[in-house]
Every structure is written in C-alpha cells, then in structure tokens.
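Following: one structure in structure tokens, then a few remarks.
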Amino acid sequence: MTALGLLVPGEDAEDDYPRLEQLLGSDVRIDLIRADPAGDPPERLAARTEELRLAGADSVVWASTTAAVAAGWEGAHGQVRVLARAAGLPASSTAFGFVHAARELSVSRVAVVTAHGDTAFTEFLRAGGVSVVCTAPLGEDLAASVHPAAHEDAQALLLPDTDLRAVARLTALEHRLGKPVLSAHQVAVWEALRLTDRRVNAPELGVLFTREPVVQV
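Residue numbers (UniProt numbering): 1 to 217.
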C-alpha cells in the first residue's frame with residue numbers, strides 16, 4: 001500500500017480526491033489534512049504533517065497552488081524543506097508538481113486557465129523552465145474557458161485552481177484539445193506518487209498517468 005499525504009486548502013473540490021483514489025487502484029491511499037485556505041505559514045503547516053506521518057503517509061504534498069507560487073520559486077522551496085524536516089518524509093507542492101509534470105511530458109510551452117490571476121503562476125513556471133504562451137480567465141463553463149489551449153504553440157493546458165473540479169473531465173478535454181491537460185488535484189497526487197518513486201497507469205486520469213509505470217496496478 002502506498003499512502004499519499006496531502007495538505008489541502010479548506011474544502012476545495014474535495015470530491016476529486018475520492019475519484020482519484022478509486023481510479024488509482026486498491027493499493028494507493030490518499031490521506032487529506034485540511035489547511036487554512038488563505039495559506040498557513042510553513043511552520044503551522046509543518047505541525048499538521050504530524051497527523052500524516054502518524055497515518056503512515058509515504059510522502060507529503062502541500063496542495064495549494066496559490067499559496068506556494070505566492071512565495072516565489074525560492075520561497076516555495078523553503079516551504080517544502082520545512083515540511084520535509086517536520087514529517088521526516090519526502091515533500092513537495094502542487095506548484096512544483098506542475099513543473100515536474102511538464103518535464104515528464106516533455107512540455108515547455110503551456111496555456112493557463114485560472115480564476116485567480118496568472119502573473120505569479122506564470123513567473124513560477126518560468127523559473128522552472130516552462131513558458132506560458134497564452135492565458136485566459138476561468139469562467140463558470142470550463143469547456144468554454146479552455147479555448148487558449150488551442151493556441152498552436154501551447155503543448156499542454158494547465159488548470160492550477162484548487163477549487164476546480166476537473167478530474168472527471170480530463171480525458172474529454174484532452175480528446176477535444178489534442179494535448180495533455182493538467183489540473184491541480186491530478187498533479188498533486190501525481191507529485192505525491194513521484195516522491196515515492198511510484199508510477200501508476202490510469203488512463204482515466206489523463207495523459208500524465210499513461211506513462212510506463214514503475215509498478216503496475
């Protein structure tokens with residue numbers, strides 16, 4: 001059993017995580033601990049990792065994209081170091097997960113759709129070697145909001161908002177756009193798996209989960 005520990009902001013799109021757990025298979029467990037949606041300081045987040053460690057988590061991911069990118073590239077590294085020391089476990093964040101997932105897919109140019117402003121996220125991605133070629137605001141209709149991903153230079157679409165329920169629509173969006181779609185909850189779980197040197201083949205979760213797995217389920 002691989003246990004993934006996620007520090008999640010508030011009640012954001014919590015139904016995505018049970019869906020992810022179900023599609024990953026019976027030997028992957030996702031443990032959630034709620035954190036301040038406004039962004040707890042690293043020390044307070046670190047204190048909450050104790051619950052994940054006691055639950056048997058194999059890795060820890062801070063699953064608030066906004067709070068991580070607001071700290072900047074170096075500040076986000078500092079957050080992760082605090083969590084790793086406190087938990088005694090490998091740690092990361094969803095923000096770094098987007099960068100690592102882009103590298104996994106050999107993607108260097110992306111489109112971003114978000115409701116929370118794109119400047120900080122764009123700068124964070126750039127620091128990680130990923131260029132944002134176009135952006136758009138996220139509206140009530142997700143399908144109507146993803147038109148920037150049709151930009152010929154965009155190799156993938158990124159949906160960084162943690163309050164967006166997107167897991168059930170990933171494969172449909174990828175089929176429509178003809179390119180990978182990465183959402184916050186999908187990436188958070190993938191990053192937690194990456195930290196454990198674990199890959200799972202789960203096509204229902206998009207192209208990111210169709211890479212050759214280290215461990216089949």
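Cβ coordinates follow ideal geometry from the N, Cα and C atoms, glycine included.
task = Using the Cα positions of A68 and F121, report the straight-line distance between them to the nearest angstrom.
result = 9 Å
query = Should G5 be labelled buried (16 or more other beta-carbon atoms within 10 Å of its own) or exposed?
reply = buried
query = What's the gap between the Cα of A150 and the Cα of Y17?
reply = 28 Å
request  = Might you give, ordered along the chain, the residues of its own chain that have their beta carbon closer than 8 Å to the beta carbon of L208, omitting 5 neighbours on each side?
outcome  = A101, E104, L105, P180, L182, Q186, V187 and W190
ask   = How is G5 classed by DSSP in three states: helix, strand or coil?
value = strand
query = Whose C-alpha, out of L195, D197, T196 and L177, is nearest the C-alpha of G206?
reply = L177
task = Check the C-beta distance from H154 over to V110 and give it rounded, since I have them as a contact under 8 Å.
result = According to the sequence as given, residue 154 is Ala; it is not His. Their Cβ separation, rounded to whole angstroms, is 6 Å, which keeps A154 and V110 in contact under 8 Å.
task = Can you say whether P137 is buried or exposed, counting buried as having 16 or more other CB atoms within 10 angstroms of its CB?
result = exposed
ask   = Hey, S59 and A192: beta-carbon distance below 8 Å or not?
value = yes
inquiry  = Could you tell me the alpha carbon to alpha carbon distance between V217 and I30, rounded to whole angstroms?
reply    = With a pLDDT of only 35 at V217, under 50, the local geometry of the prediction cannot be trusted, and the value read off the model is given with reservation. Taking the straight line from one Cα to the other gives about 16 Å.
query = Are A76 and S93 closer than 8 Å when you measure CB to CB?
reply = yes
task = Look at the Cβ atom of D163, then the Cβ atom of T135, and state whether they are nearer than 8 Å.
result = no
key: Delimiting residues of the beta strand (DSSP E) encompassing T135   = S131 to P137
message = Taking 6 Å as the limit between beta carbons, can you name the residues of its chain near V112, skipping five residues before and five after?
response = D118, V132, T135 and L158
query = By the 10 Å Cβ neighbour count, where 16 or more other Cβ atoms means buried, how is E174 classified, buried or exposed?
reply = buried
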